[in-house]
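These notes are about the structure you will find just below.
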């Protein structure tokens with residue numbers, strides 16, 4: 141399975157001499173495993189707000205990166221990092237108020253019961269830690285994830301991250317289930333089918349002598365094609381894993397921190413209660429930090445018997461960055477902005493869909509939107525080739541998005557939370573022009 145929206149060597153000769161030289165240098169020292177976006181890769185040198193700037197100084201509207209979820213180089217986060225770096229940066233085996241202040245602020249954004257935090261540096265580490273805890277608590281090893289999920293890159297987590305491709309082997313203790321597809325199933329069918337599929341996966345694990353440990357779900361199904369609704373459809377699946385003695389882990393790396401607009405955390409939209417919540421990318425607005433928030437009873441036995449230490453996880457600079465992110469979301473009303481601008485953007489995209497039959501579906505929540513591209517609206521047949529042309533056509537118009545889904549035919553729109561209506565108009569206008577030029 142090739143990466144969606146990836147640069148290929150077939151495009152190499154179309155690049156300038158300078159671009160080819162930089163790619164050659166990169167490949168020489170970084171090796172063959174790294175990937176680049178777009179048929180014509182971007183050489184970026186600066187970011188500010190919702191814009192990225194290339195080596196020629198040209199601005200690109202960033203409608204994709206949720207790492208800098210407050211916008212690139214947000215001054216409040218930059219100031220917090222700079223100030224703390226000049227004072228102290230050490231690990232968590234010394235007392236420091238910063239990590240306690242941040243953990244208190246973070247857990248205060250969660251429903252009652254999810255009240256303790258453990259910090260890592262990446263979302264991969266967070267999910268790896270969640271696996272360790274789930275196996276310790278349940279005595280099981282079985283893991284259930286969706287068919288195109290991405291949860292991380294460690295050896296343990298790659299085994300239940302099918303989106304890494306067929307060359308990365310899924311573990312024998314892993315079962316995958318189809319993501320609930322709101323474009324091809326009714327809300328009632330989605331809820332019933334996803335719950336039934338999870339129960340079938342549990343039964344298959346048991347038939348092979350494997351006790352279930354956890355169900356892990358990205359609550360907006362980012363890699364599976366972006367399925368936000370209907371609200372509440374995850375409950376039967378969560379009930380199933382709990383009845384089987386396993387834990388439910390909500391991977392909030394992508395839908396969390398107010399992105400859906402309707403709630404601070406994606407799982408809250410479904411009225412469900414995770415045992416653990418894993419966090420990452422937007423947590424430090426670009427500063428590498430991640431972690432898990434969990435129920436005290438989940439960690440009660442694991443903690444004393446398997447001490448936890450992460451040299452850089454939860455360091456004072458990370459805590460300062462994380463606190464600045466939470467403060468900015470609250471002070472600047474960014475969750476509400478995600479809701480308001482997200483609805484405005486969704487309306488604009490639906491207007492485009494009325495004029496372009498290749499747009500089969502527009503779906504999402506807040507500032508996380510999927511636009512499904514099809515070759516035939518009647519059969520809803522995926523059109524990956526047209527999707528690729530659209531993504532690269534937008535890049536040529538200096539608007540950045542990507543694609544998602546099992547057939548690589550869903551436009552993935554995930555801008556910073558500071559996205560404005562003016563920015564949304566720019567995106568819709570550019571997409572309309574690209575659609576007109578790219579459609580047959």
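In my numbering, the protein residues as written are 141 to 580.
Cβ coordinates follow ideal geometry from the N, Cα and C atoms, glycine included.
- Message: Mapping the DSSP letters down to three states, classify residue 587 as helix, strand or coil.
- Response: Lying before the first or after the last residue shown, residue 587 is absent from the chain, which here runs from 141 to 580.
- Query: Are the Cβ atoms of residue 358 and residue 315 separated by less than 7 Å?
  - Reply: no
- Alpha carbon to alpha carbon, how far is residue 185 from residue 535? 16 Å
- Can you tell me whether residue 505 is buried or exposed, with buried defined as 16 or more other CB within 10 angstroms of its CB? buried
- In the DSSP assignment, what are the bridge partners of residue 503? 510
- Is it right to say residue 153 is buried, meaning 16 or more other beta carbons lie within 10 angstroms of its own, or is it exposed? exposed
- Excluding the five sequence neighbours on either side, which residues of its own chain have a C-beta within less than 7 Å of the C-beta of residue 391, listed in chain order? 267, 291, 356, 357, 358, 418
- Indicate whether the contact test is met: 3 or more Cβ pairs, each with one atom in the segment 425-443 and one in the segment 293-312, closer than 8 Å. no
- Separation of residue 502 from residue 489, as counted between CA atoms: 7 Å
- Message: Classify residue 214: buried if its beta carbon has 16 or more other beta carbons within 10 angstroms, exposed otherwise.
- Response: buried
- Message: Comparing C-alpha positions only, which one of 361, 229, 378 sits nearest to residue 352?
- Response: 378
- Query: For the beta strand (DSSP E) that contains residue 188, what are its first and last residues?
  - Reply: 184-188
- Query: Which full runs of the beta strand (DSSP E) of 3+ residues lie inside the segment 400-453, going along the chain?
  - Reply: 416-419, 430-434
- Query: Per DSSP, what kind of secondary structure is residue 250 in: helix, strand or coil?
  - Reply: coil
- Query: In angstroms, rounded to a whole number, what distance separates the CA positions of residue 194 and residue 387?
  - Reply: 45 Å
- Query: What is the rounded straight-line gap between the Cα of residue 199 and the Cα of residue 446?
  - Reply: 49 Å
- Contacting residues, own chain, Cβ-Cβ under 7 Å from residue 486 (five flanking each side not counted): 502, 504, 509
- Item | Euclidean distance between Cα positions of residue 276 and residue 231 | 25 Å
- Message: Tell me which residue opens and which closes the beta strand (DSSP E) that residue 282 is part of.
- Response: 282-286
- In the structure shown, what three-state DSSP assignment does residue 256 receive? strand
- Message: Quick test of your reading: residue 469 and residue 398, contact by CB under 8 Å. State the CB separation rounded to the nearest angstrom.
- Response: 5 Å
- How many Å lie between residue 375 and residue 253 at the Cα? 18 Å
- Message: Helix, strand or coil for residue 236? Go by DSSP, reduced to three states.
- Response: coil
- Are there 16 or more other CB atoms within 10 angstroms of the CB of residue 326, so buried, or fewer, so exposed? exposed
- Message: So residue 203 and residue 499 are supposed to be a Cβ contact under 8 Å. How far apart are they, rounded?
- Response: So it is not a contact: roughly 16 Å between Cβ atoms.
- What separation, rounded to the nearest whole angstrom, lies between the Cα atoms of residue 207 and residue 578? 30 Å
- Which of helix, strand or coil does DSSP assign to residue 359? coil
- Task: Given a cut-off of 7 Å, decide if residue 557 and residue 511 are closer than it, judged by their beta-carbon atoms.
- Result: no
- Using the C-alpha atoms, what's the distance from residue 495 back to residue 481? 22 Å
- Item | residue 389: first and last residue of the uninterrupted beta strand (DSSP E) it sits in | 387-391
- Looking at residue 517 and residue 547, is the spacing between their C-beta atoms short of 7 Å? no
- Task: Taking 7 Å as the cut-off, decide whether the C-beta atoms of residue 146 and residue 166 are in contact.
- Result: no
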